[in-house]
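Going from the sequence shown to my numbering is simple: count from 1 and add 6.
Worksheet: one structure, shown below.
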Amino acid sequence: MITTTVGYIILGLSIAAPVGPINIEIIKRGLAFGFWPALFVGLGGMSSDLLLMGSMFLGIASVLAWSWVKMTLMLVGCIVLLHTGWTSLFASQSNQTRDNHLEDNLGVVKLRRSSFIKGFLIAGTNPMNLIFWIGIYGSVLSGAFQEENLFHSFLISSLVFIGIGLWNVNLAFTTHFGRLLANQAILRGIHGVASLVLIGFGIRFGYKGVELALMMWG
C-alpha cells in the first residue's frame, strides 16, 4: 500500500515537473513577486487540472482526441502564451522599482487573483498538459475503471494531485528564496529569458495548430 501511494505521488510529480509554460510562469512570478503569487499560479493550474480530471471521469478524453478540438486548443494556447510572454518581456525591461512596488499598487488580493487566473488559462489551453493527462494519467485511470472500482480511481486521482501540489509548492519556495540571493540584473535577465521561452512555446503551438489545420482542410 505504501509503495502504491508513493508511486502515484511520484507520478503526479513527474506530470508537473517537465519544463513547460506553467512552470516558467511560476518561476517568473516567484522571482518577481515572491512565494504567494508563484503558488497561486500553480493553484490556478491545478484547478484546470482538476476540471480536466473530472472531465476524464466523464469520458471527455475521446473528445479531446478530435482534430478540430486539438487545433483549437493549440491556437488558443498560442494566443495566451504569446500575450503572456510579450507583455512580460516588456515588463522585464521596465524600471525594476516598479516591479518592487507592484504588489503594493495592485493589492495582495488582486495580484494573487491575477496569478491564479493566469495559471488557470495557461494550463487549460496548453496542449502539452492535455497530452500528459490523456496519455499518462488516462492510461492509469482506465486500468482502475476496468477493475470497476471508483474508490480506487478517486484515490489514484487524489494521490496524483498531491504530487502536483508538492511540486508547485517546491517550485514556489525555490524561486522565492532564489530571488533573495540574486541581484536585480540577474532577476531581470531570468525574467526576460522566461518571457522569451513562453513566446517560443506560443510560436510552437501556433505552428502545430496551423499545420494541423492545413492537414484537415488541405
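Built from N, CA and C at the ideal position, the CB exists for glycine as well.
Bear in mind that the values here come from a model prediction, so they are computed numbers and not experimental data.
Cβ distance (whole Å) where residue i is taken to contact residue j below 8 Å
i    : j    : result
R194 : G40  : With a Cβ gap of about 16 Å, R194 and G40 do not count as contacting.
G18  : G169 : 2 Å
M80  : G198 : Actually they do not touch by this definition, with Cβ atoms about 25 Å apart.
G36  : A23  : So it is not a contact: roughly 16 Å between Cβ atoms.
L204 : P27  : 6 Å
6 Å CB neighbourhood of residue i in its chain, flanking five on each side removed
i    : result
E109 : Only weak support exists for where E109 lies, its pLDDT of 48 falling under 50; the value from the coordinates is given anyway. The answer, listed in chain order, is F39 and L117.
N101 : Summary for N101: the model assigns pLDDT 43, below 50, so the residue's position carries little reliability; its value from the coordinates is reported in the next sentence. There are no such residues.
N189 : none
Beta-carbon proximity list for residue i, same chain, < 8 Å, skipping 5 on both sides
i    : result
V86  : L127, I128, T131 and G208
L202 : G91 and L95
L49  : F122, G125 and N174
Cβ neighbours of residue i in the same chain (closer than 7 Å, five flanking residues each side left out)
i    : result
S73  : L218 and M222
G83  : T131, N132, P133 and F211
V75  : V69
T103 : Unreliable placement is indicated for T103, whose pLDDT of 43 sits below 50; no coordinate value is reported for it.
A178 : I32, G36, F41, A44, L45 and G48
Span of the alpha helix (DSSP H) around residue i
i    : result
W42  : F41 to F63
G195 : Q190 to W223
A129 : V114 to G130
V12  : I8 to A22
Below 8 Å, how does it come out for the region 110-130 and the region 48-59: are there three or more Cβ pairs, yes or no? Counting Cβ pairs under 8 Å, three or more are found: they touch.
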